[in-house]
Amino acid sequence: EDKVVQSPLSLVVHEGDTVTLNCSYEVTNFRSLLWYKQEKKAPTFLFMLTSSGIEKKSGRLSSILDKKELFSILNITATQTGDSAVYLCAVGQAGTYKYIFGTGTRLKVLA
Amino acid sequence: EAGVVQSPRYKIIEKKQPVAFWCNPISGHNTLYWYLQNLGQGPELLIRYENEEAVDDSQLPKDRFSAERLKGVDSTLKIQPAELGDSAVYLCASSLGVGTSGVTDTQYFGPGTRLTVL
Chain A
11 EDKVVQSPLS
21 LVVHEGDTVT
31 LNCSYEVTNF
41 RSLLWYKQEK
51 KAPTFLFMLT
61 SSGIEKKSGR
71 LSSILDKKEL
81 FSILNITATQ
91 TGDSAVYLCA
101 VGQAGTYKYI
111 FGTGTRLKVL
121 A
Chain B
3 EAGVVQSPRY
13 KIIEKKQPVA
23 FWCNPISGHN
33 TLYWYLQNLG
43 QGPELLIRYE
53 NEEAVDDSQL
63 PKDRFSAERL
73 KGVDSTLKIQ
83 PAELGDSAVY
93 LCASSLGVGT
103 SGVTDTQYFG
113 PGTRLTVL
């Protein structure tokens, strides 16, 4: 059965800390891995990682994909209270546009 | 560019009543998804459309759920009759989809409809 597992389930840190969120997957016909940030509403897109793009960076956020070990990490440096959200990982399957989501990591950043 | 539009944003109904959700995807996006998201869980796919064709509805409980995307643009998801366990957020998402040069499979989500069944 295809699955995406995120860890930890929740995390509480203080402003300025660095956090690493994990996403491991067992999905047939891997196509891409997407990271989303979800606050109180719809998920907003952060990164897409594929075989041709296994490392992405945007400001304080960065992500890598290890296709051999079947995982990805999302790194946030110098965290701010505005980073508090649920971070979702989704894996897309080749040949379809189906996405399988993990349950998310709930991050809370304290001032 | 306008994002994915969903309505209503909130809906409270009694069990056994019907309910419908509407979604208008980003202009030009051929692929449309309906997801269900329970509290503390990731989104779970209900149905995916490529233009007006439902290409993946294996997770849609067809005894009570139905969906349509008649002209390949906006879509409606219906539940009839609603049950207590249907309380959740229903998310619509769209992406450029198949057959577009420089295909990107980034999905863009709408704000969701929070359904409460009493």
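Line order of the protein sequences matches chains A and B. If you want this note's numbering, it's the position in the first sequence, counting the first as 1, plus 10. If you want this note's numbering, it's the position in the second sequence, counting the first as 1, plus 2. Here a beta-carbon is modelled for each residue, glycine too, at the ideal position from N, C-alpha and C. Note that the structure is predicted; figures quoted are calculated from it, not measured.
Exercise. Beta carbon of V21/B, beta carbon of G112/B: below 8 angstroms?
Worked result: Taking 8 angstroms as the cut-off, the Cβ atoms of V21/B and G112/B do not count as close.
For this session: Output, in chain order, the set of chain C residues within a Cβ distance shorter than 8 angstroms of G63/A.
Result: This model lacks chain C altogether, as its protein chains are A and B.
Exercise. Are any of the Cβ atoms in chain A nearer than 8 angstroms to that of T108/B?
Worked result: yes
Exercise. With which residues is R116/B paired in a DSSP beta bridge?
Worked result: Y12/B and V91/B
For this session: Identify whether L56/A lies in helix, strand or coil by the three-state DSSP scheme.
Result: Strand, per DSSP.
For this session: Determine which residues share a DSSP beta bridge with H24/A and list them.
Result: L120/A
Exercise. Is it the case that the Cβ atoms of G74/B and V91/B are separated by a distance below 8 angstroms?
Worked result: It is not a contact, given that the beta carbons lie outside the stated cut-off.
Problem set entry | For D58/B and C25/B, believed in contact at Cβ under 8 angstroms, the rounded distance | Not quite, the Cβ-Cβ distance comes to about 16 angstroms (not below 8 angstroms), so this is no contact.
Problem set entry | Continuous beta strand (DSSP E) assignments of at least 3 residues falling wholly in the segment 85-116 of chain A | If we require 3 residues or more, the beta strand (DSSP E) runs fully inside the segment 85-116 of chain A come out as 95-103 and 109-111.
Exercise. Can a CB atom of chain B be found closer than 8 angstroms to the CB of L98/A?
Worked result: yes
Problem set entry | Neighbouring residues, chain B, relative to A95/A (Cβ below 9 angstroms) | The premise fails here: A95/A is roughly 13 angstroms from chain B at the closest Cβ pair, so nothing lies under 9 angstroms.
For this session: Report the residues of the segment 52-66 of chain B with a CB closer than 8 angstroms to any CB of chain A, ordered along the chain.
Result: E52, V57 and D58
For this session: Closer than 7 angstroms by beta-carbon distance: list the chain A residues that pair up with G135/B, in chain order.
Result: The question about residue 135/B has no answer, for chain B in this structure spans 3 to 120.
Exercise. T38/A versus chain B: which residues are under 8 angstroms apart at the beta carbon?
Worked result: What T38/A touches in chain B: nothing, since even the nearest Cβ is about 14 angstroms away.
For this session: Could you have a look at L79/B and say whether DSSP puts it in helix, strand or coil?
Result: strand
For this session: Would you tell me roughly how many angstroms separate the C-alpha atoms of A69/B and A104/A, rounded to the nearest one?
Result: 25 angstroms
Exercise. Buried or exposed: which applies to P18/A, given that a residue is buried once 16 or more other Cβ atoms fall within 10 Å of its Cβ?
Worked result: exposed
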